[in-house]
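Residue numbers (the working numbering): 15 to 752.
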DNA sequence: AGCACGCCGACT
DNA sequence: GTCGGCGTGCTC
């Protein structure tokens, strides 16, 4: 069947961003048929009816395609390839491992503008530097112009050229002052293209454990190694990162620092900027496409030494990469959940291996996968068991609420604790992982329940907005007051949401300020930031919120934390639910007692003897993790096995199981003995936004067997015609089976 | 993914 | 008699 190659046709083999598992050959442009064009160069090509931006994979001498059918490249966009050989190698690995179309993999590695073919030129961000005169001039001589004085002091503190973005982050009104200082010949426009080392503020003192961690990584720079830095909240992980980064920068190398979206706050950014001045570039979803492209290019051109960014920053080309740091490595936001479903943590490790550099994973509550690797000695395990300074660890306590009266989920014992804490002028943080007023609207007479038409879910009551809202598809309707089923019935709100708890708190503590932090209250731009400032300035007594409170935000005066309903996490069908709950409890606990004041953490539960809770509270996260790993081993679940999940969805409920049954049969044809096929089964909450979701799980304790099956399976699925009727996707190493 | 081509129902 | 529904097929 193999076609004879056509002779002697110089062709460019190009990856096009379409969901197809193949490459496309083109003739070089007539004007410039460069046979030495380098892979990683962007090209514009005619594709079907339109033009598309593609990525050169190889120049070949013999195409499998009839030369008469070959179209010609319209233009070569880049003079030099934007990706290095190492970058290309990583993207090829990603495409192969995640079984994702290569053109789409390339596409996700580039910022939006470059995907669309925009020129890869850096709109030269201006840098300013002190002149010799500026270095020696005492800022006091400018005391009559305080703006200029503070700008001069800023430069003298950093003793480094400062970029526009650094100055913007510091103070939005710097331009006129800088202009005046240039006129006075104290500052000058800095055009040096050297990699800024950005040595700003001094290192902070470290305890011996921190120092040991710093030394362990610093002595292994220049070789591949994975470090798991397990440090309780407040143990000073960030300081460890920064001192290692300083060493890497001193060698003239670059550093990638990846954090979950929610952790990349202006405070963290400012902390890095103070320490590393001009050297740092930031990239996250709140920036504009242009800002992200600038950040990408600054790193790619070696003009910046540190990239502080979220998941997608992982693919930023770095000509001199020396270290990758991934903070809060257990965080599920490192897994992309649509399109190319990659794990930034796992790909970071592959990238580090390919570069021959270390990668540092940090967490207070490492994932079971990483702990397993640390226990097996594949990762070097660094521990910071002590809180920095003299901060005391919080005390965790289970509060049995069986048969106890509750006021909107608050027990009398908890209310008494809240009162005592408020009386001492300390803050209280309450955690409830459900937004809205109540999750169910039920008819008291006939039992009718408000249900989403498009999903297998109840509508959530949002009393303040007078809405019923589906938290799965976003559909909204006006809040009903009369039962539509039996007409006369009284409608009752069942269950608890943050809004409802806020109401009762306002009634019980009318003199206190209550701040509610959830997706609804923080939608407005900058709202979260304002609330956080309000809290930290002490203008809040009780803070009530969802998941979003668990990470990153430090509340120094909070001494009492309560999780109102810990039980909802105890009985889930998801085998990772216990791990997630334990991580959540520990992370939430980290919000308490950060200063000298000891913190208390109360978990309201109807299952005070549940082994997950008792183990976690009496013996800590590590002991919990050891037991949880033993259970995973017993059940043959990850990390003791490898999984790949096919998902399929369609408006017609009959189609997805039929499609997945075909996938299952195709998989059976390539069956390795270790491979298990589970399903197809309806996904949890099968109907979502009007689509019926099903899934098929492939599992094996040998990664190669799973990969070999997928290798054979995907081309077969692509050939299979009816598969085009369903939306399907493949998730290698899924983290939730949802 | 787009975007054509291609045959069967309600309309200027 | 046409406009347009989305089924099917292709993209070098």
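Just so it is clear, CB atoms sit at the ideal spot from N, CA and C, and this is done for glycine as well.
If you check the CB distance, residue 598 and residue 564 come in under 8 Å.
The alpha carbon of residue 266 has as its nearest neighbour, out of 334, 621, 581 and 725, the alpha carbon of 334.
Beta-bridge partners assigned by DSSP to residue 691: 712. When secondary structure is reduced to three states using DSSP, residue 534 falls in the coil class, being assigned neither helix nor strand.
Secondary structure note for residue 290: its alpha helix (DSSP H) is the uninterrupted segment 280-290. A direct Cα-Cα distance of roughly 35 Å separates residue 369 from residue 171. Around the Cβ of residue 186, a 10 Å sphere holds fewer than 16 other Cβ atoms; the residue is exposed.
The beta carbons of residue 663 and residue 602 sit about 34 Å from each other, so the pair does not count as a contact at 8 Å.
When DSSP states are grouped into helix, strand and coil, residue 241 belongs to the strand group. By the criterion of at least three beta-carbon pairs nearer than 8 Å, the stretch 76-85 is not in contact with the stretch 95-107. Your pair residue 484 and residue 471 checks out as a contact, with CB atoms roughly 6 Å apart and the cut at 8 Å. The beta carbon of residue 204 sits closer than 7 Å to the beta carbons of 141, 142, 143 and 175 from its chain, once the five residues preceding and following it are set aside; these are given in chain order. For residue 592, the uninterrupted alpha helix (DSSP H) segment begins and ends at 591-603. Annotated as proximal: residue 117 and residue 32, with beta-carbon spacing under 8 Å. Ranking 526, 449, 495 and 551 by CA distance to the CA of residue 512 puts 449 first.
The continuous beta strand (DSSP E) containing residue 321 extends over residues 320-323. Within its own chain, the residues whose Cβ lies closer than 6 Å to the Cβ of residue 514, once the five positions on either side in sequence are excluded, are 422, 451 and 452, listed in chain order. Residue 460 counts as exposed, since fewer than 16 other beta carbons sit within 10 angstroms of its beta carbon. At the C-beta level, residue 107 and residue 364 come within 8 Å of one another. By the beta-carbon neighbour count (other beta carbons within 10 angstroms, threshold 16), residue 36 is exposed. For residue 661, the enclosing beta strand (DSSP E) covers residues 656-664. A buried status is given to residue 635, since no fewer than 16 other beta-carbon atoms sit within 10 Å of its beta-carbon.
Cα atoms of residue 671 and residue 390: separation of roughly 39 Å, rounded to the nearest angstrom. Cβ-Cβ distances below 6 Å link residue 121 to 31 and 129 in the same chain, with the five nearest sequence neighbours on each side left out; the list follows chain order.
By the C-beta density criterion, residue 495 is exposed, having fewer than 16 other C-beta atoms within 10 angstroms.
Note that the C-beta distance between residue 554 and residue 529 is below 8 Å.
Rounded to whole angstroms, residue 681 and residue 724 show a C-alpha spacing of 8 Å.
A direct Cα-to-Cα measurement between residue 559 and residue 415 gives close to 21 Å. Looking at the DSSP output, residue 27 bridges to 39 and 72. Cβ neighbours of residue 27 within its own chain (closer than 6 Å, five residues either side excluded): 37, 39, 71, 72 and 74. Under DSSP, residue 64 shares a beta bridge with 61.
Residue 731 and residue 685 have their alpha carbons spaced roughly 15 Å apart.
The continuous beta strand (DSSP E) containing residue 743 extends over residues 741-746. Of the residues 719, 639, 64 and 123, the one whose Cα lies closest to the Cα of residue 388 is 639.
Annotation for residue 270: 321 and 338 place their beta carbon closer than 6 Å to its own, counting only its chain and skipping 5 residues before and after.
Here residue 537 is exposed. Its C-beta has fewer than 16 other C-beta atoms within 10 Å.
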